[in-house]
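Student: For the sequence shown, UniProt numbering assigns the number 1 to the initial residue and increments by one for each residue that follows.
Ideal placement from N, C-alpha and C gives every residue a C-beta, glycine not left out.
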Amino acid sequence: MQSRKILSKTIIYGGLAVVMGFTLLPYLWLLVSTLKTDQEIFQVIPSWIPKRFTLVNYAWALGPNGTNLLPLLFNSILASGGTALLTGFFAATGGYALARYRAPGFKTVSVAILLSQMFQGPLIMVPWYKMAGMLGILNTHQVLILIYSTATIPIGVWLMRGFFETVPKELEEAASVDGCTKLATLFRIVLPLTAPGLVSIIIYSFILSWNDYQYALILTTSTQAKTVQVGIAELMDSMGKQNWGGIMASSVIVTIPIIGLFGVVQRYLIEGLTSGAVKG
């Protein structure tokens, strides 16, 4: 019996190791290639270890003659961060309202929030472009924050509703007896108990906005609002030649904020994804 358990665990962990290896292999190759010269990248027989380590690709990615990533990174952080904060606020307040108040039309509003997820992508791009032009916010950070929020707030409200429903109402009643208002009860008692869920929604909103290419391509045209995804996609000169080393270095740099953010809030993110949203 013991030998069977050992064999089964060996097979399971061995299979997981193989899958993880195939998953990480492209990223490892990407990282190694950023340290190579163009000649090594395109040589017929590829090598894992660079013959001569170089940081010229990173200098090209960050320099004004290459990708010039720094202003693009700032734009992406501003748009994604604004979306995350806006989503967190409305997800908390809207989710709490749906979880605690049963006003007329409650079910209709709940279903409408989910149905709004159907209207995404090309379907709303033309109306958004026209409205942004009329409001004078085309090619600004504001238009990106607003359009990203239309995709993240509905799902955030719905998920936070499930988290709030796991909090006993007796806690809020006790706070009310002590003189707390509804708003104070939400921010001082309920939100701390549902913090993992709120953090997971904020991170989801940030990553979704950070990875967007379609909206940023159409709604922004200058470096004042253009994001890193658009900047990397434009790394092709008029003759169709691409600097693959620079593109790979740019891709590595772009992933650093996401990896760092995930490392900081990993505990809250995992806890939020595995608890709370059991009611809906």
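#1: Could you say if the region 91-98 and the region 148-166 meet the contact criterion of at least three C-beta pairs nearer than 8 Å?
#2: Reducing DSSP to helix, strand and coil, say where residue 286 ends up.
#3: Do Ile147 and Leu215 come within 8 Å of each other at the CB atom, strictly closer than that value?
#4: Counting only runs of 4+ residues fully inside the region 9-85, write out the alpha helix (DSSP H) ranges in chain order.
#5: For Gln142 and Ser76, I'd like the C-alpha separation in whole angstroms.
#6: Can you tell me whether Ser238 is buried or exposed, with buried defined as 16 or more other CB within 10 angstroms of its CB?
#7: When the Cα atoms are used, what is the spatial distance from Trp29 to Lys36?
#8: Just how far apart, CA to CA, sit residue 303 and Tyr129?
#9: Whole angstroms are fine: how far does the CA of Leu115 sit from the CA of Arg244?
#10: Between the C-alpha atoms of Ala91 and Ser149, what's the straight-line distance to the nearest angstrom?
#11: Please report how far the alpha carbon of Gly14 lies from the alpha carbon of Ile6, in whole angstroms.
#12: Check whether the Cβ atoms of Val156 and Ile201 lie closer than 8 Å to each other.
#13: Mapping the DSSP letters down to three states, classify Gly260 as helix, strand or coil.
#14: Alpha carbon to alpha carbon, how far is Ile11 from Pro154? Give it in angstroms, no decimals.
#15: What does a CB cutoff of less than 7 Å around Ala132 pick up in its chain, not counting 5 residues either side in sequence?
#16: Within a Cβ cutoff of 7 Å, which residues of the same chain sit near Ser3, ignoring the five residues on either side of it in sequence?
#17: I'd like the ranges of any alpha helix (DSSP H) spanning at least 4 consecutive residues and lying wholly in the region 85-142.
#18: Terminal residues of the continuous alpha helix (DSSP H) containing Gln214?
#19: Below 6 Å CB to CB, which residues in the same chain sit around Met248 once its five sequence neighbours on both sides are set aside?
#20: Express the C-alpha separation of Gly81 and Ile258 in angstroms, rounding to a whole number.
#21: Between the alpha carbons of Lys9 and Leu16, how many angstroms are there, rounded?
#22: Whole angstroms are fine: how far does the CA of Trp210 sit from the CA of Glu172?
#23: With the cut-off set at 8 Å, would you say Leu69 and Leu78 are in Cβ contact?
#24: Express the C-alpha separation of Met20 and Pro71 in angstroms, rounding to a whole number.
#25: With a cut-off of 8 Å on the beta carbons, I'd call Trp158 and Ile113 a contact; round off their distance for me.
Tutor: The answer reads as follows:
#1: Contact holds between the region 91-98 and the region 148-166, because three or more Cβ pairs, one in each stretch, are under 8 Å apart.
#2: This structure does not reach residue 286, given that the chain is present from 1 up to 280, and the question cannot be answered.
#3: Reading the sequence shown from its first residue, position 215 is the one you call residue 215. Reading the sequence shown from its first residue, position 147 is the one you call residue 147. Looking at the sequence shown, residue 215 is not Leu but Tyr. Contact flag set, yes.
#4: Complete alpha helix (DSSP H) runs here, min 4: 38-41, 56-62.
#5: The residue labelled residue 142 in the question sits at position 142 within the sequence shown. The residue labelled residue 76 in the question sits at position 76 within the sequence shown. Rounded to whole angstroms, Gln142 to Ser76 spans 12 Å at the Cα level.
#6: For this step, residue 238 is matched to residue 238 along the sequence shown. At Ser238, the pLDDT of 44 sits below 50, so the modelled position is not reliable and the matter cannot be decided from this model.
#7: Against the sequence shown, residue 29 aligns to sequence position 29. Against the sequence shown, residue 36 aligns to sequence position 36. Taking the straight line from one Cα to the other gives about 11 Å.
#8: For residue 303 there is no data in the structure shown, the boundaries of the chain being 1 and 280.
#9: As a first step, residue 244 must be located in the sequence shown, where it is residue number 244. As a first step, residue 115 must be located in the sequence shown, where it is residue number 115. For clarity, residue 244 is Trp in the given sequence; the question names Arg instead. Approximately 42 Å, taken between the alpha carbons.
#10: Position 91 of the sequence shown, counted from the start, is the residue given in the question as residue 91. Position 149 of the sequence shown, counted from the start, is the residue given in the question as residue 149. Taking the CA atoms as reference points, Ala91 sits about 11 Å from Ser149.
#11: Taking the sequence shown and counting its residues from 1, the one referred to as residue 14 is at position 14. Taking the sequence shown and counting its residues from 1, the one referred to as residue 6 is at position 6. Roughly 12 Å separates the two Cα atoms.
#12: Along the sequence shown, one-based indexing puts residue 156 at 156. Along the sequence shown, one-based indexing puts residue 201 at 201. It is Gly, not Val, that sits at residue 156 in the sequence shown. The Cβ atoms of Gly156 and Ile201 sit closer than 8 Å to each other.
#13: The residue given as residue 260 occupies position 260 in the sequence shown. It is helical.
#14: Residue 154 sits at position 154 when you count from the first residue of the sequence shown. Residue 11 sits at position 11 when you count from the first residue of the sequence shown. Distance between the alpha carbons of Pro154 and Ile11: 42 Å.
#15: For this step, residue 132 is matched to residue 132 along the sequence shown. Within the same chain, and ignoring the five residues on either side of Ala132 in sequence, the residues whose Cβ sits closer than 7 Å to its Cβ are Leu138, Val143, Leu219.
#16: Numbered from its first residue, the sequence shown carries residue 3 at position 3. Counting only residues of its own chain and dropping the five nearest sequence neighbours on each side, Ser3 has no CB closer than 7 Å to any other CB.
#17: DSSP runs (the alpha helix (DSSP H)) wholly in the region 85-142: 106-115, 122-135.
#18: The residue labelled residue 214 in the question sits at position 214 within the sequence shown. Per DSSP, Gln214 belongs to the alpha helix (DSSP H) from 214-219.
#19: Your numbering for residue 248 matches position 248 in the sequence shown. Contacts found: Leu30, Ser33, Thr34.
#20: The count along the sequence shown starts at 1 and reaches residue 258 at position 258. The count along the sequence shown starts at 1 and reaches residue 81 at position 81. Taking the straight line from one Cα to the other gives about 12 Å.
#21: Locating residue 9 in the sequence shown gives position 9, counting from the first residue. Locating residue 16 in the sequence shown gives position 16, counting from the first residue. Between Lys9 and Leu16, the C-alpha separation is close to 10 Å.
#22: Start at 1 with the first residue of the sequence shown, and residue 172 comes out as number 172. Start at 1 with the first residue of the sequence shown, and residue 210 comes out as number 210. Between Glu172 and Trp210, the C-alpha separation is close to 36 Å.
#23: The count along the sequence shown starts at 1 and reaches residue 69 at position 69. The count along the sequence shown starts at 1 and reaches residue 78 at position 78. It is not a contact, given that the beta carbons lie outside the stated cut-off.
#24: Residue 71 sits at position 71 when you count from the first residue of the sequence shown. Residue 20 sits at position 20 when you count from the first residue of the sequence shown. If I take the Cα positions, the gap works out to 34 Å.
#25: In the sequence shown, the residue the question calls residue 158 occupies position 158. In the sequence shown, the residue the question calls residue 113 occupies position 113. Between Ile113 and Trp158 the Cβ distance is about 6 Å, and since that is below 8 Å, they are a contact.
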